[in-house]
Each structure stands twice: as C-alpha cells, then as structure tokens.
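Undergrad: Provided herewith is a single structure, encoded as structure tokens, for subsequent inquiry.
Protein chains: 2
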Amino acid sequence: MSDLDDRLPWLEALKWDERGLIPAIAQDAATGRVLTLAWMNRESLSATVASGHAVYWSRSRNRLWKKGEESGHFQKIKSIRTDCDGDALLLSVEQAGGIACHTGRESCFFRELRDDRWATADPVLKDPGEIYRNAPS
Amino acid sequence: MSDLDDRLPWLEALKWDERGLIPAIAQDAATGRVLTLAWMNRESLSATVASGHAVYWSRSRNRLWKKGEESGHFQKIKSIRTDCDGDALLLSVEQAGGIACHTGRESCFFRELRDDRWATADPVLKDPGEIYRNAPS
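Which chain is which? The protein sequence lines are S and F, in order. In terms of my numbering, the first sequence is residues 1106 to 1242. In terms of my numbering, the second sequence is residues 1106 to 1242.
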C-alpha cells in the first residue's frame, strides 16, 4: 500500500475499502487495553468527529451504530490516529462503565489461544442481562 | 455477527472474510502501544503459531510476509487473542528494535487528526535508509 497523501482533505486521504469501510481499533486511554475492532464508513467517522463519541458502521445491521446506544457503554473520543498508509484507524477512548464488550467484559478480546483452543481469559464484570435490561427494543 | 463457537477447531472457529483474511492488531507487550494493523490468512496464522513470530499476509504483494524479514524488526509473539465474535486478532508482541513502522517510527499509527488534518505526532527513531540498507533485494 502506498503512504497516506496528507495533501488530500483528511477524510479522502484515508483508504476506504471496496465497501467504503475502514477498520477502527478502540483503545482505552486510561488502561491501554485494546477494547474493540469495529468498522467505519465516511458517515460514521464524520459523526464520530462531530459528536466526540464513537459511531461505527454495523455490517450485520447495515446501519450507523453509536457505540453504547443500547448498553450505555459509550466511547468518548480522546484522539483519532491513522497509520502510515491510511487504511486503519486507532481511537483513544474513555470507555463508559469500563466495559466495551456485549458479554459484560472490559474488552472484546477476552479469548486467548492456549493449547490449541480459545480459552476465556477475562472475567465478566457485569451481567449482560443487567446491561441490556433497559435497552430500547 | 454471532459469537465465536469454541467447539470448533481453533483455526476454523475464526471468521475469515470472503478473501480468507482476518485483521490482526499487534500491540507492544511492554509499552502497550498499538503498533500495526495487518492481515492474516490461515497459512500465515499457522506459521505465526508455529514459529512464534508474526507472519502476515501481504495484500499488496500477495504473499506471506514475515514481519521484519527486510528490516530485522521482527515481532515475537507473547500471546494471541481473538474477540467475542472471532473476526479479529490481537497479538501481544515483543517488537525487535522498538520500531514497527517502515518510516522508522515505533508505531505505524503516528498520524493524529488535528484541526482537520493528519498531523505527524511521533518522531522517527531510525532513518529508513539505514533500516533497509542491508535488505535482501
């Protein structure tokens, strides 16, 4: 991949894939934990910048998805970075509730490869039933 | 996306995309810095596990790519994690030389969005000409 051309407008300097998407890593600004890998399109990245909270593109629901809209676990943006070739984003975030995963764990990356299996390596901090009890239906 | 089915063999439990790829985040085990986002196919992930060093799939060169093969900046694997739905990987690595980026910086994520432009936020630690001087042609 060629390096990012920073003479272009910032949104167009990024390398959007054939679906118009770019992967976005969210990292907890306080703990350094990598929390999630999600996807953005131009609209969701623009909404993220405008609102100061992470807004992703849900590939399964095919719509904009403000992280935390059902769980309350919003991600407040501290900074947005891109990489040398402009085909990935790194968001430094304040993770509301200290929980990013729908399973009630701090990070979605809670499974570790051990002896040829994916072992659960992190505890559930809050029961998902409790997290989503008051979610809009 | 549905959650990872951990009854499947570990390699097949992952959600490979339509190209047979999965995104892999490399994070420095010592500093917590997110270093790179690269891609793996089944063969490169198997080679990573077997060798203990990060082996990616280069989409531009269409071949396996052992990180550091030209620069000496290998990534020694400390752990491999996947996320709740099994469609991304997180590698905790020891970064040889403390430099992951071909520009001679610690991390590929050295550009930060400031005032509607991608500002260079990190210093070059080693001149790329020096890094690649003895690279195999």
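No residue lacks a Cβ here, since even glycine has one placed at the ideal position from N, Cα and C. Remember, it's a predicted structure, so these values are computed and weren't measured experimentally.
Just to confirm, are residue 1158 of chain F and residue 1182 of chain F a CB contact at a threshold of 8 angstroms?
TA: The count along the second sequence starts at 1 and reaches residue 1158 of chain F at position 53. The count along the second sequence starts at 1 and reaches residue 1182 of chain F at position 77. Their beta carbons are under 8 angstroms apart, which means residue 1158 of chain F touches residue 1182 of chain F by this criterion.
Undergrad: When the distance is taken between beta carbons, is residue 1214 of chain S closer than 8 angstroms to residue 1186 of chain F?
TA: Residue numbering aside, residue 1186 of chain F sits at position 81 when the second sequence is read from its first letter. Residue numbering aside, residue 1214 of chain S sits at position 109 when the first sequence is read from its first letter. Going by C-beta atoms, residue 1186 of chain F is nearer than 8 angstroms to residue 1214 of chain S.
Undergrad: Alpha carbon to alpha carbon, how far is residue 1115 of chain F from residue 1109 of chain F? Give it in angstroms, no decimals.
TA: As a first step, residue 1109 of chain F must be located in the second sequence, where it is residue number 4. As a first step, residue 1115 of chain F must be located in the second sequence, where it is residue number 10. Residue 1109 of chain F and residue 1115 of chain F: Cα-Cα distance of roughly 10 angstroms.
Undergrad: Could you list which residues in chain F have their beta carbon closer than 8 angstroms to that of residue 1222 of chain S, in chain order?
TA: For this step, residue 1222 of chain S is matched to residue 117 along the first sequence. Neighbours of residue 1222 of chain S on chain F, chain order: 1111, 1115.
Undergrad: Per DSSP, what kind of secondary structure is residue 1148 of chain S in: helix, strand or coil?
TA: Within the first sequence, numbered from 1, the residue matching residue 1148 of chain S stands at position 43. Correct three-state label for residue 1148 of chain S: helix.
Undergrad: Starting from the C-beta of residue 1227 of chain S, find all residues in its chain whose C-beta is less than 8 angstroms away, skip the five residues before and the five after it, and write them out in chain order.
TA: Position 122 of the first sequence, counting from 1, holds the residue named residue 1227 of chain S. Once the five neighbours on either side are set aside, the close Cβ partners of residue 1227 of chain S are 1210, 1211, 1212, 1215.
Undergrad: Cα separation between residue 1171 of chain S and residue 1238 of chain F?
TA: On the first sequence, position 66 is the one that residue 1171 of chain S refers to. On the second sequence, position 133 is the one that residue 1238 of chain F refers to. The alpha-carbon atoms of residue 1171 of chain S and residue 1238 of chain F are separated by roughly 46 angstroms.
Undergrad: Beta-carbon of residue 1178 of chain S versus every beta-carbon of chain F: anything under 8 angstroms?
TA: Within the first sequence, residue 1178 of chain S is the residue found at index 73, counting from 1. At a cut-off of 8 angstroms between C-beta atoms, residue 1178 of chain S does not count as an interface residue with respect to chain F.
Undergrad: From the DSSP output, in three-state form, read off residue 1195 of chain S for me.
TA: Within the first sequence, the letter at position 90 stands for residue 1195 of chain S. Residue 1195 of chain S falls in the strand class under three-state DSSP.
Undergrad: What span of residues does the alpha helix (DSSP H) with residue 1118 of chain S cover, start to end?
TA: The count along the first sequence starts at 1 and reaches residue 1118 of chain S at position 13. First-last of the alpha helix (DSSP H) with residue 1118 of chain S: 1115-1118.
Undergrad: Mind pulling the chain F residues with CB within less than 8 angstroms of residue 1186 of chain S?
TA: As a working note, residue 1186 of chain S is residue 81 in the first sequence. By Cβ distance, chain F contributes 1214, 1215, 1216, 1217, 1218, 1226.
Undergrad: Hey, does residue 1137 of chain S have any beta-carbon neighbour from chain F nearer than 8 angstroms?
TA: Translated into positions along the first sequence, residue 1137 of chain S becomes position 32. Answer yes: the Cβ-Cβ gap between residue 1137 of chain S and chain F drops below 8 angstroms somewhere.
Undergrad: Hey, does residue 1233 of chain S have any beta-carbon neighbour from chain F nearer than 8 angstroms?
TA: Stepping through the first sequence from its first residue, residue 1233 of chain S is reached at position 128. So, not an interface residue.
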